[in-house]
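Beneath this line is the structure, given in structure tokens, with notes to follow.
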Amino acid sequence: ESPVCVVRNADKAKDVLGADTRTAIAELDDRAGMEKALAGAKRVFIVTGHNPKSDIQQINVIDAAKAAGAEYIVKVSGGRDVIGPNVESVNGQAHYKIEEHLKKSGLQWCILSPGLFMQNILGQAANIKDQGKIIQPWPKDLAVALIDVRDTGALGARVLREPAKHAGKMYTFSGVSTTFGEFAKVIGDTIGKPITYV
Numbered sequence: 111e112s113p114v115c116v117v118r119n120a121d122k123a124k125d126v127l128g129a130d131t132r133t134a135i136a137e138l139d140d141r142a143g144m145e146k147a148l149a150g151a152k153r154v155f156i157v158t159g160h161n162p163k164s165d166i167q168q169i170n171v172i173d174a175a176k177a178a179g180a181e182y183i184v185k186v187s188g189g190r191d192v193i194g195p196n197v198e199s200v201n202g203q204a205h206y207k208i209e210e211h212l213k214k215s216g217l218q219w220c221i222l223s224p225g226l227f228m229q230n231i232l233g234q235a236a237n238i239k240d241q242g243k244i245i246q247p248w249p250k251d252l253a254v255a256l257i258d259v260r261d262t263g264a265l266g267a268r269v270l271r272e273p274a275k276h277a278g279k280m281y282t283f284s285g286v287s288t289t290f291g292e293f294a295k296v297i298g299d300t301i302g303k304p305i306t307y308v
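Under the working numbering, the first residue of the sequence shown carries the number 111, and numbering increases by one thereafter.
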């Protein structure tokens with residue numbers, strides 16, 4: 111098995127993924143480019159950044175993968191409590207549309223539904239450094255279960271290798287239950303500086 115990463119920027123990909131990584135260049139919106147990039151791939155792992163077109167883009171990847179001869183798709187989705195046709199989150203609505211399209215695609219599939227990524231807190235790095243604060247729109251006592259993106263990737267690699275075992279399944283997973291206030295305290299303890307959660 112020799113994975114190929116479909117990327118937009120070959121130079122950046124080499125810096126991030128390493129010089130030995132096999133890459134194919136394509137834009138998520140470019141159907142013909144995607145089909146070419148995915149030619150010969152039997153299994154496809156879909157994870158993209160959130161943006162206003164992520165539903166269109168991921169559906170394009172699914173359709174291009176099918177046209178290119180793929181048989182099995184593993185998609186990283188979001189937490190089950192924020193996904194649906196009428197949820198408040200635009201990203202949650204997009205994940206719902208993509209999941210529904212994937213289930214009707216005729217391909218084998220597996221959906222990964224992780225908790226909030228721990229790495230999302232990196233967006234607070236400047237506030238932590240400059241003000242000793244984490245500022246987010248959720249109460250500090252809100253129960254959350256965070257997961258490392260690397261654990262999600264490891265699970266993705268496992269289910270990608272065994273379609274017969276995982277096809278048609280949805281896996282919901284996270285780390286241990288905590289709160290944002292407790293998470294802020296752990297960060298503060300770790301860096302040796304008190305952090306206020308706002």
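Glycine included, C-beta positions come from ideal geometry on N, C-alpha and C.
On a predicted model such as this, the values are computed, not experimentally measured, just so you know.
Reduced DSSP secondary structure (H/G/I, E/B, other) of residue i
| i | result |
| --- | --- |
| I245 | coil |
| K124 | helix |
| V114 | strand |
| K275 | helix |
| I305 | coil |
| A264 | helix |
| V259 | helix |
| T300 | helix |
| V269 | helix |
| Y129 | The question names Tyr, yet the displayed sequence has Ala at residue 129. In the structure shown, A129 sits in coil (DSSP, three-state: anything other than H, G, I, E or B). |
| L232 | helix |
Rounded straight-line distance, which links the Cα of residue j to that of residue i
| i | j | result |
| --- | --- | --- |
| I172 | K152 | 12 Å |
| N161 | A134 | 22 Å |
| A142 | F283 | 35 Å |
| N230 | G150 | 34 Å |
| A174 | A123 | 22 Å |
| N170 | G263 | 22 Å |
| A177 | V117 | 19 Å |
| V197 | L217 | 27 Å |
| S215 | I305 | 47 Å |
| A147 | K239 | 41 Å |
Outcome for residue i when other beta-carbon atoms lying within 10 angstroms are tallied against a minimum of 16
| i | result |
| --- | --- |
| H276 | buried |
| A236 | exposed |
| E92 | Here the chain comprises residues numbered 111 to 308, so residue 92 is not present and cannot be evaluated. |
| W219 | buried |
| L265 | buried |
| L138 | buried |
| I301 | exposed |
| A267 | exposed |
C-beta contact flag for residue i and residue j at 8 Å
| i | j | result |
| --- | --- | --- |
| M280 | S223 | yes |
| V157 | L270 | no |
| I244 | V296 | no |
| P273 | Y182 | yes |
| G315 | L256 | Nothing about residue 315 can be reported from this structure: the residues present for the chain run from 111 to 308 only. |
| F290 | V254 | yes |
| I221 | S187 | yes |
| G278 | G225 | no |
inquiry  = What ranges does the beta strand (DSSP E) occupy inside the segment 138-206, keeping only unbroken runs of at least 3 residues that lie completely in it?
reply    = Segments of the beta strand (DSSP E) lying fully in the segment 138-206: 153-156, 182-186.
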